[in-house]
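The sequence shown: position 289 = 1491 (the numbering used here), numbered continuously.
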Amino acid sequence: METVLITGAGGYIGSNAAEYFAKAGYRVVGTIHRHVAERLTQLGIKTISVDLADAANLPRLFEEKIDYVVHIAARASDVGRDEWFREANYEAVKNLAAAAMEHGVKRFVYLSTADVYGLHDFSGEREEELAFDETVTNPYPKYKILSEKWLAANLPRERFSCVRPCVVYGRGDTSITPRTIAYLKNSPLVFHFGKWRGRNRWPLANVENVCRTLHAAMVLPEAGGEGVTVLDSKRTTLSEYYHEIAREFLDGKRLRECSIPMWAVRPVAWLSTFLSCSRNHPLFDPTLYALDTVAHNLDFSNARMLAWFGKMGMEEFRHDGHNV
């Protein structure tokens, strides 16, 4: 039985991935930051508490043979100090990838983000048509880009791959769905920003499809050295997404929508970003990062993801709700 080391196994995506790989027949070892997810205990998954940014801590992760590393642990927020992101999302990646190579790991799978392409309008581009947006200033995509570039420069192509999910939702969601529910529950109006007026694609990626893509990225020969966008095939606009959430969680609350030009809301977003620079979560929405996310048409191709699923004999997971 092959062993997979999954970092961030106590988090939302990480706990889903740990369960997925355990059920797929792998022995799973998970790193955690603070808490052990209950389902990891139920599945008998071994967990190790470790600071991945401290290279001195890493050898003990490889005291037993590890065949693959799936690196999910990261600082995921639209606000916070640059140095916080650098330590968690760049230094930790370099340290862990180097240790994995030293200990003979077959492949290092890195969970990146589709935000490496930038936050502007897209129209179905494939991975080979997309480039890193080197102009980004938000530290979250900034250090994801730097990490991907470091892996490409320092690891053999066949020993790493990068998975770039869009907006992740689904079982156990602790982020986007609860945040949207709170917004719709407390706001008398639903605001859309910029020219799209809510008709822009909201790029949803079910967490089950993220897990299946991680699996494909881990074992397929053609996945070596490649990046793959994870995106559900169903096209959902931002307005449609809000209405789906209202129907599922707010007893079909009637939503009143209005549109605001970008110039009118950008000062508010700048203030939120400035006041939240030393916080783990925004003081209020939207931040500049959140504003650019909801105001653009984030419409990518998922052809590579589907092709990899076909190679694995898997089908895309089709969701029937936004269960949390």
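We treat Cβ as the ideally placed atom computed from N, Cα and C, and that holds for glycine.
Cβ pair residue i, residue j closer than 8 Å
i: Ala1226; j: Ser1217; result: no
i: Val1313; j: Val1271; result: The sequence given here places Leu at residue 1313; Val does not occur at that position. Going by C-beta atoms, Leu1313 is not nearer than 8 Å to Val1271.
i: Asp1317; j: Ala1492; result: no
i: Leu1254; j: Asn1297; result: yes
i: Pro1341; j: Asp1256; result: no
i: Tyr1214; j: Thr1379; result: no
i: Leu1422; j: Ala1219; result: no
i: Arg1506; j: Glu1329; result: yes
i: Ala1294; j: Phe1264; result: no
i: Ile1274; j: Ser1251; result: no
i: Met1514; j: Ala1418; result: yes
i: Lys1346; j: Thr1382; result: no
i: Asn1411; j: Phe1519; result: yes
i: Phe1223; j: Val1230; result: yes
i: Leu1473; j: Pro1405; result: no
i: Ala1430; j: Trp1352; result: According to the sequence displayed, residue 1430 carries Val and not Ala. Contact: no.
i: Tyr1228; j: Glu1266; result: no
Residue range of the alpha helix (DSSP H) that includes residue i
i: Ser1363; result: First-last for Ser1363: 1362-1367, but that is the beta strand (DSSP E), not the alpha helix (DSSP H).
i: Ser1251; result: Taken as a continuous stretch (DSSP letters only), Ser1251 belongs to no alpha helix (DSSP H), being part of the beta strand (DSSP E) at 1248-1251.
i: Gly1400; result: Run containing Gly1400: none; DSSP gives neither H nor E here.
i: Leu1353; result: 1341-1356
i: Phe1287; result: 1284-1288
N- and C-terminal bounds of the beta strand (DSSP E) containing residue i
i: Leu1391; result: Premise fails: Leu1391 is in no beta strand (DSSP E) and is neither H nor E.
i: Asn1408; result: 1406-1408
i: Gly1512; result: Here Gly1512 belongs to no beta strand (DSSP E); instead the alpha helix (DSSP H) covers 1505-1514.
i: Gly1538; result: Within the shown structure, residues of the chain are numbered from 1203 to 1526, placing residue 1538 beyond reach of any answer.
i: Leu1263; result: From DSSP, Leu1263 is part of no beta strand (DSSP E); its letter is neither H nor E.
i: Arg1229; result: 1229-1234
i: Leu1430; result: What sits at residue 1430 in the sequence shown is Val, not Leu. Where Val1430 is concerned, the enclosing beta strand (DSSP E) stretches over 1429-1432.
i: Thr1205; result: 1205-1209
Under the three-state DSSP convention, the category residue i falls into
i: Cys1413; result: helix
i: Tyr1319; result: helix
i: Val1272; result: strand
i: Thr1379; result: helix
i: Glu1331; result: helix
i: Phe1502; result: strand
i: Val1421; result: helix
i: Thr1243; result: helix
i: Leu1254; result: coil
Same chain only: Cβ atoms within 7 Å of residue i, ignoring 5 sequence neighbours per side
i: Glu1327; result: Phe1502, Ser1503
i: Ala1407; result: Pro1367, Cys1368, Val1369, Val1370, Val1432, Leu1433, Asp1434
i: Leu1357; result: Ala1299, Met1303, Phe1310
i: Leu1321; result: Asp1494, Thr1495, His1498
Own chain, CB closer than 8 Å to residue i, minus 5 neighbours either side, in chain order
i: Lys1308; result: Asp1269, Tyr1270, Arg1361
i: Val1470; result: Pro1488
i: Phe1550; result: The shown model of the chain, from 1203 to 1526, leaves out residue 1550, and the question about it has no answer.
i: Leu1457; result: Leu1386, Val1392, Tyr1444, His1445, Ala1448
i: Val1409; result: Tyr1214, Ile1215, Asn1218, Val1370, Tyr1371, Gly1372, Arg1373, Gly1374, Asp1375
Own chain residues within Cβ distance below 6 Å of residue i, not counting five before or after
i: Ser1461; result: His1394, Arg1399
i: Ser1529; result: Any answer about residue 1529 is impossible in this case: the structure gives the chain only from 1203 up to 1526.
i: Thr1475; result: Thr1489, Leu1490
i: Glu1350; result: Ser1314, Cys1364
i: Ser1441; result: Gly1400
i: Arg1414; result: Met1516
i: Lys1455; result: Ala1448
At 3 residues or longer, and completely inside the segment 1291-1315: list those beta strand (DSSP E) runs for me, N to C.
1309-1313
Scan the segment 1435-1499 and note each continuous alpha helix (DSSP H) run of 4 residues or more that stays entirely inside, going in chain order.
1440-1451, 1464-1477, 1490-1496
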